[in-house]
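Working notes for the structure below.
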Amino acid sequence: MALDLIRAQILALFFLSIFLGIHLIVFTMALWAQIWANPARGKKTNWILVAISLVMGAIGIFNAALDVHGNIWAFTTENPEVFLDASSWGYVAGKVDEIVPAIIGDTVLTYRCWIVYERRWKAVIISIILWISAVTFAVFVVVKSALVQYVNGINNPALTPFIAAALGCSVLLNVLTTSLIVYRIWMVTRHIRSQFQAVGQTRLTYVNRIIIESGLIYTISAIIFLFTALIQSNAIYITGECFVQLTGIAFNLIIIRFDQNLAGKQSNERDLTWCMATAPSSGLSSDGTTHETSVLSGPSTITPKNEP
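Using the UniProt record's numbering, the final residue of the sequence shown is 308, and nothing's skipped along the way.
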């Protein structure tokens, strides 16, 4: 039996509440790691990451408030058709809420890839094209749905191709860019295996695992969102709400996992992995060494085997 609009909205609010709770927990932990834990260890607070976490957290809360407002409006007026009013300010704001976290996440990922490849534009040119395409299609969906009153709301066939294009570009960008980052780290790990202490290989392998796992959270949620859009199911209201929260969760988990792993390590070991995971100001060189300074920490070094 097809999922009707009322049940879809109730389920969306239910799952949104669960993922918002998770988002707020990891959001608080990420802020604690950046603002309190780092200074206690002699590391500078990365205010860019703090700002991104705050923006994603605010968007997650605002998105939940919009969903509650929409449900109250529909049930007090006894008119469920308000859920299909794509021209209402709440509907438009909700769609913008779904777009902004994805744009921020894709931007950070592309920047990280650019840094890892030593600021080589050739490495990220395809990612940039996909980013521009995703943003263009997403903005078009919001503007067109606001200007034209569609009977089926977001599931109108006129909007489906553009929604699918926006999500498809975002998924491709994440798969491609994450693969490039992982490949680069893997190549460097192979190179330093015979030249540096075992810690270098272990730490970079851990970096790869975190990047892959966090990337999978976002990519899988985006694919499910894309699938519900393609089949024009009312489940899109559920997947869309969850997608907003999962984007912020995936971003904050990177910060948290590195903080937990680095808490008991030597400072030179911490700086190497943190540099790779949180967008350093210079990346890995082709000979496998790390350049000086990450945006989160000071210079990092690795001790060669043959040196005292």
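Every residue, glycine too, gets a C-beta built ideally from N, C-alpha and C.
Beta-carbon gap between residue 240 and residue 225 smaller than 8 Å = yes
message = One question on the structure: do residue 169 and residue 137 come within less than 8 Å of each other, judged by their Cβ atoms?
response = yes
request  = Rounded to whole angstroms, what's the CA-CA distance from residue 53 to residue 238? Just pull it up for me.
outcome  = 23 Å
request  = Specify whether the segment 14-30 and the segment 243-255 touch according to this definition: at least 3 beta carbon pairs, one from each stretch, less than 8 Å apart.
outcome  = yes
key: Identity of the residue in 49, 232 and 235 nearest residue 31 by Cα   = 49
Length at least 4, wholly inside the segment 64-94: the alpha helix (DSSP H) runs in chain order = none
inquiry  = Going by C-alpha to C-alpha distance, which of 205, 61 and 19 sits closest to residue 189?
reply    = 205
Minimum length 4: unbroken alpha helix (DSSP H) runs contained in the segment 104-166 = 121-147
task = Can you tell me which of the three DSSP states residue 168 falls into?
result = helix
query = What is the rounded straight-line gap between the Cα of residue 110 and the Cα of residue 80?
reply = 40 Å
inquiry  = Assuming contact is defined by CB atoms lying nearer than 8 Å, are residue 51 and residue 16 in contact in what I supplied?
reply    = no
Residue 142 vs residue 99 beta-carbon contact at 8 Å = yes
ask   = Near residue 259, what residues of its chain come up, given a Cβ to Cβ distance below 7 Å and the 5 sequence neighbours on each side ignored?
value = 33 and 37
ask   = Cα-Cα, which of 156, 20 and 183 is closest to residue 234?
value = 156
inquiry  = Can you look up residue 174 in the DSSP assignment and give me helix, strand or coil?
reply    = helix
request  = Report, in whole angstroms, the separation of the C-beta atoms of residue 66 and residue 105, which I expect to be a contact under 8 Å.
outcome  = Rounded, the Cβ-Cβ distance is 20 Å, inconsistent with contact.
task = Check the C-beta distance from residue 85 over to residue 244 and give it rounded, since I have them as a contact under 8 Å.
result = At roughly 20 Å, the Cβ-Cβ gap does not stay under 8 Å, so residue 85 and residue 244 are not in contact.
task = Mind reading off the beta-carbon distance from residue 174 to residue 218? Whole number of angstroms is fine, and I expect it under 8 Å.
result = 6 Å
ask   = Is it the case that the Cβ atoms of residue 74 and residue 163 are separated by a distance below 8 Å?
value = no
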